[in-house]
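J.: Protein chains in written order, with the numbering used here: chain E, 2 to 345; chain D, 3 to 296; chain Z, 184 to 527.
By construction, the Cβ of each residue, glycine as well, lies at the ideal position given by its N, Cα and C atoms.
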Amino acid sequence: MAVGAEPGAETGAGMTLAQRALRSPTLRLAGRRLLAVIPVLWGVTFLTYVVMNLLPGDTAQVLLGANATPAQVHQLEVRLHLNEPFWVRYGGWLGATIHGNLGTSLASGENVTTILGQRLPVTAELLIYAFVGSIVLAVLLAVLAARRPNGIADRFSVVISMTGLSVAPYVLAVVLVYVFAVKLQWFPAIGYTSLTADPLENIRSLTLPAIAIGFPLFAVYTRLLRADIVEQMQREDYIVTARAKGVPSWQILIRHALPNSMFGLITLVALNLGALVGAVAIIEPIFSLPGVGAILISSITNHDVPIVEGVVLVFAVVVVLAGLAADLLYAVLDPRIRYERSAS
Amino acid sequence: MSAPLPDLLPAPDAASAVPVRTKARGQASPLRVWIPAGFLILLAAACFIWPQIYPVPKPVGGSILEAGLPPLSPGHILGTDPNGNDVLSRILYGGQVSFEVGFSVTAIGLVVGGLLGVAAGYWRGAADAAISRVLDVLIAFPALVLALVIAEGLGPSELHVIWALAIFSIPAFGRIARSGTLAIREQTYMLAARLSGSRGRHIILRHVIPNIMPQLMTFALLGFGIAIILEGALSFLGLGIPLPEPSWGSMIAQGQQVLSATPEQALIPSAFLFAAVVSLNVLGDALRERWGVR
Amino acid sequence: MNTVSGPLLEVENLTVSFPGRRGELRAVIGVSYSLDPQQTLAIVGESGSGKTVSCRALMGLLPQAAVVTGSARFQGDELLGLTDDELRRHRGTNLAMVFQDPSRSLNPTMKVGNQIAEAVRVHQRVTKAEAKKQAIELLRLVHIPVPGRRFHEYPHQLSGGMRQRIMIAIALACRPRLLIADEATTALDVTTQAQIMELLLELRAELGMTLMLISHDLGLARSCADEVIVMYAGQIVEQASTPQLFTHVRMPYTQALFEAIPRLERPAHSPLPVIGGRPPDLSALPAGCSFAPRCRRAADDCRTTAPPLAEHEPGHRWACWHPVGQGGPGGWVPPEGTVWHDVR
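1. G116 (chain D) touches chain E at which residues, Cβ-Cβ below 9 Å?
2. Can you check which of these residues, D:A131, D:V279 and D:P246, is closest to E160 (chain D) by C-alpha distance?
3. Measure the alpha-carbon distance for K25 (chain D) versus R236 (chain E) and round it to whole angstroms.
4. Determine, for F50 (chain D), whether the minimum Cβ-Cβ distance to residues of chain E falls below 8 Å.
5. I want to see whether chain Z comes within less than 8 Å of N261 (chain E), judged by CB atoms only; does it?
6. To which residues does DSSP link Q422 (chain Z) through a beta bridge?
7. Nearest-angstrom Cα distance between R304 (chain Z) and A312 (chain Z)?
8. How is Y337 (chain Z) classed by DSSP in three states: helix, strand or coil?
9. Could you tell me the distance, in whole angstroms, from the CA atom of G311 (chain E) to the CA atom of I287 (chain E)?
10. On the DSSP bridge list, what partners appear for T82 (chain D)?
11. Which partner residues of I363 (chain Z) appear in the DSSP bridge assignment?
12. Grouping DSSP H, G and I as helix and E and B as strand, with all else coil, what is H257 (chain E)?
13. Excluding the 5 residues flanking L270 (chain Z) on each side, which residues of the same chain have their C-beta closer than 6 Å to its C-beta?
14. Using C-beta distances below 6 Å, list every residue in its chain close to I351 (chain Z), excluding the 5 sequence neighbours before and after it, in chain order.
15. Please identify, using Cβ separations under 8 Å, the residues of the segment 194-218 of chain Z that lie next to chain E, in order along the chain.
16. Does the contact criterion of 3 or more C-beta pairs under 8 Å hold for the segment 328-344 of chain Z versus the segment 292-304 of chain Z?
17. Under a three-way DSSP split, which group does E126 (chain E) fall into?
18. What residue range is occupied by the uninterrupted alpha helix (DSSP H) comprising N203 (chain E)?
19. Residue range of the beta strand (DSSP E) that I226 (chain Z) falls in?
20. Could you tell me if P359 (chain Z) is buried or exposed, where buried requires 16 or more neighbouring beta carbons within 10 angstroms of its beta carbon?
21. Quick check on D328 (chain E) - is its C-beta less than 8 Å from some C-beta in chain Z?
22. Taking CB distances under 8 Å as the criterion, tell me whether S288 (chain Z) reaches chain E.
23. Since G227 (chain D) meets chain E, which of its residues come closer than 7 Å, beta carbon to beta carbon?
24. Could you tell me whether any Cβ in chain Z is nearer than 8 Å to the Cβ of Y171 (chain E)?
25. Check whether the Cβ atoms of G111 (chain D) and F175 (chain D) lie closer than 8 Å to each other.
26. Quick check: is the beta carbon of F282 (chain Z) nearer than 8 Å to any beta carbon in chain E?
27. Could you check the C-alpha separation between I298 (chain E) and L272 (chain E) for me, to the nearest Å?
28. Cα separation between E233 (chain D) and I299 (chain Z)?
29. Do you know how far the Cα of T235 (chain Z) is from the Cα of D9 (chain D)?
30. Determine the direct distance from the alpha carbon of R292 (chain D) to that of A277 (chain D), and round the result to whole angstroms.
31. Give every residue of the same chain whose Cβ lies closer than 8 Å to the Cβ of Q283 (chain Z), excluding the five residues on either side of it in the sequence, and list them in chain order.
32. Can you check whether the CB of T164 (chain E) is closer than 8 Å to the CB of A220 (chain E)?
33. Comparing C-alpha positions only, which one of E:D238, E:L138, E:T70 and E:L201 sits nearest to R135 (chain Z)?
34. Quick one, which of E:A139, E:A72 and E:L127 has its alpha-carbon nearest L266 (chain E)'s?
35. Suppose the cutoff is 8 Å on Cβ atoms and the five residues either side in sequence are ignored; what does the same chain contact list for L254 (chain E) look like?
36. Counting only Cβ pairs nearer than 8 Å, list the residues of chain Z close to Y239 (chain E).
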């Protein structure tokens, strides 16, 4: 009787880590992606520059206000290089940026990097709070809902999802402020306390804004994840195998179906990141949070190009990094991507 | 307890085979279609028709003397805003704006984006490459930033809001139309139509468009809601419909200022905005299930 | 309850139906049989004959929409109508199942060793290390070389035959009394098929198991089974011991099946014998015998009244009003030189 030495069986554990890394399709993919990133970043910033410069109205005039004399306006123009041709100005900005110098704000004269450095942690903390919260809660609710399709938890999740998808962040923010800040007074309506100053206050000041941003996300994630899990549970053969083994339903849900359902969610989260710059720009001013979004709108109104460019650049980088992180996560979760495919 | 059953039914009756889902019947009950649809029709009728047939106080030009009246005051069912304007009237006229913007943006996206997407998906080649690149860039761009910039640059007005939002509507519809067209293109009967000599345009009209309509229409309903929300966002920020013209978004912004004192200023327009978008979403979802779109 | 004597499995009037869009879909109709310990039973039939559904009903692996009536007693314990928790006592310990497509029946993101160990830990209170040891033992039992290393591999790294061995190892984890192989070799190439069947029979002898083989492959039934049941349109139409069935066919359907096997002796370019007509619509079965529309020997009474399944000769049951060889002894004998495509 032939022993099962079938052809093509992989001996995956035989290579060294370094060998595997070089052959790893994931790392090669990461490398290619990094290279592809640069034109994308350039494209985004260039497009922004073009659009900003198409804005009618004289920047210097706007900055100085209606009462400025023509001479003052002209002086400011010269100082800010605003009278030079478009390409010279863009070239100057691009050159400086490559060297890490993002320029100075036209409005305040401060270093853009400094401004961003001060405001970025606030926005980052807010977004992390919103994301982590929405993802964790989405996983919990999706698992509960998928446990018994059309059961109580499932119908509840549908209602929540519909609500979250239909509510605009600014609407939610206003309602949250009214209920929790004005009436119940559990959270402050505006204001921000930094993490280092008072951690508890910090969390309190960020909770309502995080909910305003996170709730719509939570709705979308729950819907997607629940659908994916139910699909796995109903359509996949390995689930039947697990049942036939005698594995209890909860264990099947969490150990088998859930890990195989995460891919859609990861993709969606990474994709969503770019859209958040808009949400942040609206939510931060409502709660008077000194983040990056708060100055975005005023910078646009002021035609403060360096600030706008700086913010856009930061977000573009974050989006790109998120895409990379997503790819890496795929590899972690799915061994088929991690290892080379066997010849069978 | 469920299991996929590959050999449950022979091929001739595959269509009547039990779907593996636990719901054996057809999914969305008619209520989920008609209740939201009915509500939307009522709301649209109220916003557009009521002011014509029934005298309503003007939405602008109120006097300060009547500012801040609470709901159920005589002559002002929903009260007045801080400028003395009648809230109900502002809600109705603001609703007109929301519906107009939502409809225009969706229609432009559907027609222009749909045509571009179908063209790209059907003819492929250079046209597809070009169109797809542009669509991808637009979709990847931070949407609100561009919308804000456009609105800022063009100046606040309803028309400019429509243009600014249409720039995002078109690629969204384009992408869906394109992927739907690609999918259908692969199917055998398309091949058959080509083999039988039908010209390209004929194929498109007869096969592609009817088949992608369900996807496009359900997305249109979702997009309508998104457009309403975005118009509200722009108005909320002061870059949309210019004051003192009414818009639900700017009403919410104004209401935010007086949230502690008179919360209904913000909550009433919020409720209308939410109700309209929820109806659109529930309707879109129910139709999606009915028509079998994934 | 461990009765040593008496049948291992007694199925009585098992009926499974599904609500379909065009009326009730009857997948299994009034199936009754009994299985003795250490016997090998083959259930043969085309797609849609109900063979898979009837066996999945035994382990409770059908969709929630399925309506199951009748009785199936395993060593006296009723299997039908149990809750998931109650069924889990039987799954893996008393009854186990090996499925058709090993590439889809294994969790792609879980190591194969862990999938076997899971089957162990579900029913035994052992440590992870102990479960791993047992899993490696099982890998050795199914003749997978270097089991210690294979434990850590993922399904996509293994060939089809190896994956099926893993499935068998999973099924055997708790030494079940009854192993159901549902088209276990259909997705494999011929050589591997032989190897896997060889393995199953060897394990049956070694572990004293009872084996139920579900297949559409007559050669497999002939070479591996003691007793054969032929199913059509959800019903048993003929049942006999293997030597009896393959030399004395009674049911016209079985005869048609045998005749449909291509034979070298047939003149070149002669049309292949097929069973005329189409498989039955399970939601609209005809009154009378379900095979009547396609049967050469069909008469009027066949179309009005369904023939009952009865033991017309000792050890040989069939359901036909006009069986082959009616009135005379022996029934139909397959012609000399029929190549059965035996599996071993």
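T.: Taking the definition as stated:
1. Result: empty, since nearest Cβ-Cβ is about 22 Å, beyond 9 Å.
2. D:P246
3. Legend: pLDDT at K25 (chain D) = 36, less than 50; position of this residue unreliable, value from coordinates given subsequently. Near 14 Å, if we compare the C-alpha coordinates of R236 (chain E) and K25 (chain D).
4. It does not; no Cβ of chain E falls within 8 Å.
5. So, interface residue.
6. Z:I412 and Z:R500
7. Annotation: R304 (chain Z) to A312 (chain Z) spans about 11 Å, alpha carbon to alpha carbon.
8. coil
9. 22 Å
10. D:D88
11. Z:M280 and Z:M395
12. helix
13. G243
14. Sequence-distant Cβ neighbours of I351 (chain Z) in its own chain, meaning closer than 6 Å and more than five residues away, are V281 and V325.
15. none
16. yes
17. helix
18. P200 to R236
19. T223 to V227
20. buried
21. no
22. yes
23. S167
24. no
25. In this structure, the beta-carbon distance from G111 (chain D) to F175 (chain D) falls below 8 Å.
26. yes
27. 23 Å
28. 57 Å
29. For D9 (chain D), the pLDDT reaches just 33, beneath the cut-off of 50, and the residue's location in the model is therefore unreliable, although a value from the coordinates is still provided. Taking the straight line from one Cα to the other gives about 8 Å.
30. 22 Å
31. Within the same chain, Q283 (chain Z) has close Cβ partners D365, E366, A367, T369 and A370.
32. yes
33. Given that chain Z is displayed from residue 184 to residue 527, the structure contains no residue 135 (chain Z) and the question cannot be resolved.
34. E:A139
35. Excluding sequence positions up to five before and after L254 (chain E), its CB lies within less than 8 Å of the CB of V144, A147, R148, I230 and M234, all in the same chain and listed in chain order.
36. R287, S288, L289, N290 and P291
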